[in-house]
Amino acid sequence: MQTPEKITILYTVETDASGAARRAAQLFVETARLAVSERGCARIAISGGSTPKPVFELLSDPSGPWRTQMPWEKLEIFWVDERCVPPDHPESNYGMTREALLDRVPLKPEQVHRMEGELEPEAAAERYESRLRASFRLKGAELPCFDLIALGMGSDGHTASLFPRTRALHETSRLVAANQVPQKGVWRLTLTSPVINQGRTVFFLITDGGKAPIIHQVFMGEQDPEQYPSQLIWPSNGILSLILDESAAALLPSADGNGHGVLERER
Ligand code: 6PG
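With my numbering, the residue at position 80 of the sequence shown is 80, and numbering never jumps.
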């Protein structure tokens, strides 16, 4: 996997969180449809937390434009990360997704690749890595190439479950890591940064004015991935997309009349 010297960050600014969620739903559908037309299937990796939930609700809404446009029968869903809890636990990313999306759309169990948060973390990471190897038919050191990777960002600059000053930040040979997060007193499961950076379309969805400072720091400030792990996200194809609402984008250069902005970022 090559690491480009620079990346282009394309950001889209929507008026509010619901506008950003609609934009993200549109990206999910467009990316999935393109993937199916080019490769016969669409493999996406989704994050948890609170931000994506409205997007999943839009995708599953029978009265909305997206449910009918999504090629559900050709879609495979993976997770970017998971909390080390059972699937019915309130903290479970899978549990949130099941309620907002999976229980409302025509996906077969074999199309949904859950991280087994209920297992001992290291075993769960190894099992998910094996599942990725099988699903993507990987050989040797090959990395899976997801059609879409949907990320969020914490106000501490973490993404996925790559938290500041944790071991998984330095994991470059595994596909999936069990990551101890002392600042939260928990274990997490996470795709590693090389896998995320291999995505054909990698985007952050961030809709929270409280995150404007960290967005500025991550994308315009000093490079310090140990402190700001979202800076590890450096897609090998050189393009990183952001979908933001106005409050989250407040400290970025103003977007143009169409709500689009561009940042060039060098290593
Ligand atoms: C998780 C996510 C995590 C999330 C950020 C932002 O498991 O929590 O994958 O990386 O994207 O923490 O979370 P919010 O969307 O709740 O702000």
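Just so you know, even glycine gets a beta-carbon here, dropped at the ideal spot from N, CA and C.
Just reading off the alpha helix (DSSP H) that Val-29 is part of, what are its end residues? 17 to 39
Can you look up Leu-251 in the DSSP assignment and give me helix, strand or coil? coil
May I ask which residues mark the beginning and end of the beta strand (DSSP E) holding Tyr-11? 6 to 14
For Leu-102, collect the residues of the same chain with a Cβ closer than 7 Å to its Cβ; drop the 5 residues on either side in sequence, then sort them by chain order. Only Val-112 meet the Cβ criterion.
Give the DSSP bridge partners of Phe-203, in chain order. By DSSP's assignment, Phe-203 forms a beta bridge with Ala-150 and Ser-241.
Have a look at the DSSP bridge pairing and note the partners of Gly-261. Tyr-11
Looking at C-beta atoms only, is the number of pairs between the stretch 170 to 187 and the stretch 229 to 241 that lie closer than 8 Å three or more? no
At which residues does the beta strand (DSSP E) containing Val-186 begin and terminate? 186 to 191
Do Ser-161 and Arg-83 come within 9 Å of each other at the CB atom, strictly closer than that value? yes
Does DSSP put His-158 in a helix, in a strand, or in coil? coil
Taking only three categories from DSSP, how would you classify Ala-124? helix
In terms of alpha-carbon separation, which member of Thr-3, Glu-5, Tyr-11 and Ile-7 lies closest to Pro-253? Tyr-11
Distance cut-off 8 Å: Thr-192 Cβ against heavy atoms of the ligand 6PG: Thr-192: no, Cβ never under 8 Å from the ligand 6PG.
Under 8 Å from any heavy atom of the ligand 6PG, does the C-beta of Asn-237 make it? no
Distance CB(Glu-14)-CB(Gly-259) smaller than 9 Å: yes
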